[in-house]
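Presented below is the structure to which this report refers.
Residue numbers (the numbering used here): 7 to 411.
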């Protein structure tokens, strides 16, 4: 009987101890959730910006950050009564560096939302960490198809573009407006191949014939041997995907080789982008390209954005500047709908999925299945205005939806 009483007392004591431990664990967890959510105090909403500020993509990262800062500055860095803090980390366009910087943003800075990056390789590298930590991530530039296909996550939405949207949008248009036989060229890396494949898919489906294709290495200096292959009788055009310094050199050498005026050149908007054309002289004259934003879009939203950007930074905005501005606008709208409470990541991403805005690029919204942006693609033509090259929108392909596979 004494043993029974003693054992019973021990059992009661254990139950009480376990209960106390359980209660303590629950309180600790709740405390952590409150700290992360920042809904019960005046702590700012922290937005992590994983963007390169060194290396080959540094200018793209700078322009994205400029666009974000411009939007939030217009709102005095306050949305729904909550201060907005942007914490920038340099990815160096290196996947391993980016992963380390992401952990710093989540573990040390305790960010609520992630934006960026520029590089698709970086986006793929951080995907699993973002997903496992249930960190809302708005991809503001990286265009690799798989991020909203095979690698899609409940916590990742993309406000920029997919490679497929860039290439596919020009395919059918080129068949109808350029000709029935086109040569394809792009820089030899994943993004270049994805864009080229999307163009070929749409162009051949419309009835077009691919005359040939060639993929020079990134950073190539001399395109003469490749242009020689493109200089064929009977072809109606050349489709090219190049960006940055590659676009500068390719377009200039296309002109110098004597193909300008002989074989029409078409491509993606990066071929004649706002921050690329000034280095190309008059060589881009006559090029037609597809892109989701251009300086020349004639809407009140774009005119206001361009005016504000030029006033603040004393230069024209780029494609990436518009991407950064739009990403900030989307996040601001989501924060407003949640009345500043971003403590629940599932509610936050669900709210992002429902956002529809009229941005500088036009109307945009999200595909709830793929999480990719649905947006207009514009056909722009480069011409000479007052001795300088300028783009002009000549056609619109409305609300382009990535198929998600």
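All residues carry an ideal CB built from backbone N, CA and C; glycine is no exception.
Proximal residues to residue i (C-beta, below 6 Å), its chain only, five neighbours per side dropped
i	result
residue 345	86
residue 387	294, 398, 400
residue 63	99, 124
residue 371	362, 380
residue 358	163, 340
Where residue i falls: helix, strand or coil (DSSP)
i	result
residue 283	helix
residue 316	helix
residue 62	coil
residue 255	helix
residue 213	coil
residue 114	helix
residue 404	strand
residue 121	strand
residue 2	This structure gives no information on residue 2, because the portion of the chain shown stretches from 7 to 411.
residue 241	coil
residue 358	helix
Proximity below 7 Å, CB of residue i to CB of residue j
i	j	result
residue 2	residue 175	Since the displayed the chain opens at 7 and closes at 411, residue 2 lies outside it and no answer follows.
residue 2	residue 146	The first residue shown for the chain is 7 and the last is 411, placing residue 2 beyond what the model contains.
residue 236	residue 77	no
residue 324	residue 151	no
residue 322	residue 356	no
residue 113	residue 348	no
residue 61	residue 111	no
residue 107	residue 133	no
residue 244	residue 224	no
residue 351	residue 50	no
Cutoff 7 Å: residue i Cβ touching any chain C Cβ
i	result
residue 366	Protein chain content of the structure displayed is limited to a single chain, and chain C is not contained in it.
Cross-strand partners of residue i (DSSP beta bridge)
i	result
residue 192	247
residue 295	273, 386
residue 52	91
residue 365	368
residue 164	145
residue 220	191
residue 392	Residue 392 is not bridged to any residue.
residue 397	388
Neighbourhood of residue i by C-beta, 8 Å cutoff - its chain only, sequence neighbours within 5 removed
i	result
residue 404	382
residue 129	123, 145, 148, 150, 153
Own chain residues within Cβ distance below 7 Å of residue i, not counting five before or after
i	result
residue 241	187, 188, 189, 217, 269
residue 207	174, 177
residue 300	275, 384, 386, 397, 399
residue 333	74, 121, 144, 146, 165
Hey, which unbroken runs of the beta strand (DSSP E) at 3 residues or more fall wholly within the segment 82-111? Segments of the beta strand (DSSP E) lying fully in the segment 82-111: 88-95.
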